[in-house]
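Residue numbering for the sequence shown follows my numbering, starting at 1 and increasing by one per position.
Report on the following structure.
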Amino acid sequence: MKKIGVIGPGAIGRLFAFFLASAGHDVLLVCRREAQAKAFSEQGLTYVDLEGRAHHLAVEATTGGSERLAEAHGVIVTVKSYDTAAAARQIGALNRKVPVLSLQNGLGNAQTLARDVAQEQIAVALTTHGAIAEGEAKVWHKGRGQTVIGAIEAGSEVADWWADVLASCAPVITPSAEIQREIWRKAMVNIGINPFTALLGVKNGQLLREPDVLPLMRAAVEEAEAVAKLAGVELSDSMERVLDVCRHTAENTSSMLQDVRLGRRTEIDAMCGVIVQIAEAAGLSVPHNLFLKNFIKKCETNRFELTSLELKRLFEAFRADL
Ligand SMILES: NC(=O)C1=CN([C@@H]2O[C@H](COP(=O)(O)OP(=O)(O)OC[C@H]3O[C@@H](n4cnc5c(N)ncnc54)[C@H](OP(=O)(O)O)[C@@H]3O)[C@@H](O)[C@H]2O)C=CC1
Ligand SMILES: CC(C)(CO)C(=O)C(=O)O
Numbered sequence: 001m002k003k004i005g006v007i008g009p010g011a012i013g014r015l016f017a018f019f020l021a022s023a024g025h026d027v028l029l030v031c032r033r034e035a036q037a038k039a040f041s042e043q044g045l046t047y048v049d050l051e052g053r054a055h056h057l058a059v060e061a062t063t064g065g066s067e068r069l070a071e072a073h074g075v076i077v078t079v080k081s082y083d084t085a086a087a088a089r090q091i092g093a094l095n096r097k098v099p100v101l102s103l104q105n106g107l108g109n110a111q112t113l114a115r116d117v118a119q120e121q122i123a124v125a126l127t128t129h130g131a132i133a134e135g136e137a138k139v140w141h142k143g144r145g146q147t148v149i150g151a152i153e154a155g156s157e158v159a160d161w162w163a164d165v166l167a168s169c170a171p172v173i174t175p176s177a178e179i180q181r182e183i184w185r186k187a188m189v190n191i192g193i194n195p196f197t198a199l200l201g202v203k204n205g206q207l208l209r210e211p212d213v214l215p216l217m218r219a220a221v222e223e224a225e226a227v228a229k230l231a232g233v234e235l236s237d238s239m240e241r242v243l244d245v246c247r248h249t250a251e252n253t254s255s256m257l258q259d260v261r262l263g264r265r266t267e268i269d270a271m272c273g274v275i276v277q278i279a280e281a282a283g284l285s286v287p288h289n290l291f292l293k294n295f296i297k298k299c300e301t302n303r304f305e306l307t308s309l310e311l312k313r314l315f316e317a318f319r320a321d322l
């Protein structure tokens, strides 16, 4: 059994912490707020399974960051992409080699971790499990998913180490020798779903019933596929995958819709933002991704919801002004 630190015990961190702890691993939840660490220490971790049954486990939690992580055999990063740099610094301060797993969405998390952590220590996992955090110490498991794991450095054994640790507890772990490709594939799905659900205020499945919006989703995903190609990753059929995920996660409230509803920052910069950045550097026009990036930013500061016709007209006006 291993001692595993989880930096960022929000929805997905709590879900995997529960999987690990219930398989007998020793889990340390690394929080950034004292109130959260206190809630875990006093109430334990509550996991509500897919049938709605609640399970409680005692867990260790700290705001002690690097000092308390000193004993960990491995560290999982489950902060949002814009907080990855802070988590990387905490791991870098350990000053020793420890297997690290980025269990996050978005483009660029592994590169951010690699500023403070040796590349050979870093693995990335992409998961389609769905989880919603409630309060400080409870998580609802909202969709059974699959998890793909790969190392970012060829030849590194770090992904096998993590696959072994997680195989005992998290359902369906698939090792991948092509993790960069998986990261881009997941980004395509997030670009095709997340900003649209957030702007319309709808669950994932509703997008399938929005004829005014489906062409915008397709165009955004095709722009992102062209940018992936510039980055050396050839993808095809991304829109079909988007539609498939909408069907399979029809009742999900996407993470971006949850964020805007709660007045939190979204991960748009690590999705459409990266697409815009790479495209601009290469002189490629990506109006749909630029539109989504700009309007999600507006939505973060001043929440609004649009009808699909309003969204279509807003994009047409935006494009005419470019
Ligand atoms: N939820 C889901 O179903 C899925 C999420 N993902 C991805 O997983 C990642 C995490 O998402 P999710 O769990 O939903 O996000 P949450 O916002 O629920 O959780 C993130 C947590 O990280 C904490 N945090 C941020 N910085 C630090 C730090 N330096 N030290 C300690 N804690 C920190 C936050 O603390 P605070 O409470 O103080 O803000 C918050 O509790 C994202 O990239 C997301 O896209 C992927 C698949 C599914
Ligand atoms: C796959 C999807 C779209 C599921 O909701 C997701 O990853 C998210 O919400 O961030």
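Built from N, CA and C at the ideal position, the CB exists for glycine as well.
These figures come from a predicted structure and were not determined experimentally.
With respect to 7 Å, is the separation between the Cβ of residue i and the closest non-hydrogen atom of ligand 1 below this value?
i: PRO9; result: yes
i: CYS31; result: yes
i: SER81; result: yes
i: THR112; result: no
i: ILE327; result: Since the first residue of the chain shown is 1 and the last is 322, residue 327 is not available in this structure.
i: GLY263; result: no
i: THR62; result: no
i: GLN180; result: no
i: GLU134; result: no
i: GLU267; result: yes
i: ASN95; result: no
i: ALA282; result: no
Could you tell me the distance, in whole angstroms, from the CA atom of residue i to the CA atom of residue j?
i: PHE19; j: ALA137; result: 15 Å
i: LEU107; j: ALA39; result: 32 Å
i: ALA334; j: LEU113; result: Outside the displayed span of the chain (1 to 322) sits residue 334, for which this structure offers no information.
i: ALA167; j: ALA23; result: 10 Å
i: LEU257; j: ASN302; result: 14 Å
i: THR63; j: ALA123; result: 24 Å
i: LEU235; j: ARG185; result: 7 Å
i: GLU300; j: LEU200; result: 14 Å
i: ILE91; j: VAL260; result: 29 Å
i: HIS55; j: ARG14; result: 12 Å
i: ARG218; j: ALA317; result: 19 Å
i: GLN119; j: LYS203; result: 37 Å
i: ALA58; j: LEU101; result: 23 Å
i: ARG319; j: ALA21; result: 50 Å
Using a Cβ cut-off of 8 Å (strictly closer), state whether residue i contacts chain E.
i: GLU157; result: Among the protein chains of the structure shown there is no chain E, as only one such chain exists.
Where do the ends of the beta strand (DSSP E) carrying residue i lie?
i: LEU248; result: Going by the sequence as given, residue 248 is His instead of Leu. Careful: HIS248 lies outside any beta strand (DSSP E), inside the alpha helix (DSSP H) at 238 to 248.
i: ASP26; result: 26 to 30
i: GLY273; result: Unbroken run through GLY273 is the alpha helix (DSSP H), 272 to 281; no beta strand (DSSP E).
i: ARG5; result: For the sequence presented, residue 5 should be read as Gly rather than Arg. Looking at the DSSP string, the run of the beta strand (DSSP E) that includes GLY5 is 3 to 7.
i: THR62; result: 60 to 62
i: SER102; result: 100 to 103
i: PRO211; result: PRO211 -> no beta strand (DSSP E), and no H or E assigned at all.
i: ALA54; result: 54 to 57
i: GLY143; result: 138 to 143
Could you give the first and the last residue of the continuous alpha helix (DSSP H) run that contains residue i?
i: ILE191; result: 179 to 200
i: PRO215; result: 214 to 230
i: VAL323; result: As displayed, the chain neither begins before 1 nor continues past 322, which places residue 323 out of reach and without an answer.
i: THR128; result: Careful: THR128 lies outside any alpha helix (DSSP H) and carries neither H nor E.
i: VAL260; result: 255 to 261
i: SER308; result: 308 to 321
i: GLY152; result: Correcting the residue type first, residue 152 is Ile in the shown sequence and not Gly. Premise fails: ILE152 is in no alpha helix (DSSP H) and is neither H nor E.
i: THR78; result: No alpha helix (DSSP H) contains THR78, which DSSP labels as neither H nor E.
i: ILE173; result: No alpha helix (DSSP H) contains ILE173, which is instead part of the beta strand (DSSP E) from 173 to 175.
i: LYS297; result: 287 to 301
i: ALA11; result: 11 to 22
Using 7 Å as the cut-off, classify the Cβ of residue i as near or not near the heavy atoms of ligand 2, replying yes or no.
i: ILE193; result: yes
i: THR249; result: yes
i: GLY150; result: no
i: ASN289; result: no
i: SER254; result: yes
i: VAL245; result: yes
i: ASN190; result: yes
i: THR147; result: no
i: THR84; result: no
i: GLY325; result: Within the shown structure, residues of the chain are numbered from 1 to 322, placing residue 325 beyond reach of any answer.
i: ASN204; result: yes
i: ASN109; result: no
i: ASN294; result: no
Ligand 3 and residue i: does the residue's C-beta get closer than 7 Å to at least one heavy atom of that ligand?
i: GLY130; result: Ligand 3 is absent from the structure shown, which contains only ligand 1 and ligand 2.
I'd like to know if the region 34 to 49 and the region 68 to 81 are in contact, where contact means that at least 3 CB-CB pairs between them fall below 8 Å. The count of Cβ pairs closer than 8 Å, one atom from the region 34 to 49 and one from the region 68 to 81, stays below three, leaving the stretches out of contact.
Given 8 Å as the limit, is there contact between the region 195 to 210 and the region 153 to 165, that is, 3 or more CB pairs closer than that? no
Mind the definition here: the region 270 to 285 touches the region 220 to 227 only if three or more C-beta pairs lie below 8 Å; say whether that holds. Cβ pair count under 8 Å is three or more, so yes.
The region 189 to 203 / the region 254 to 274 touching (three or more Cβ pairs under 8 Å): yes
Could you say if the region 290 to 299 and the region 263 to 276 meet the contact criterion of at least three C-beta pairs nearer than 8 Å? yes
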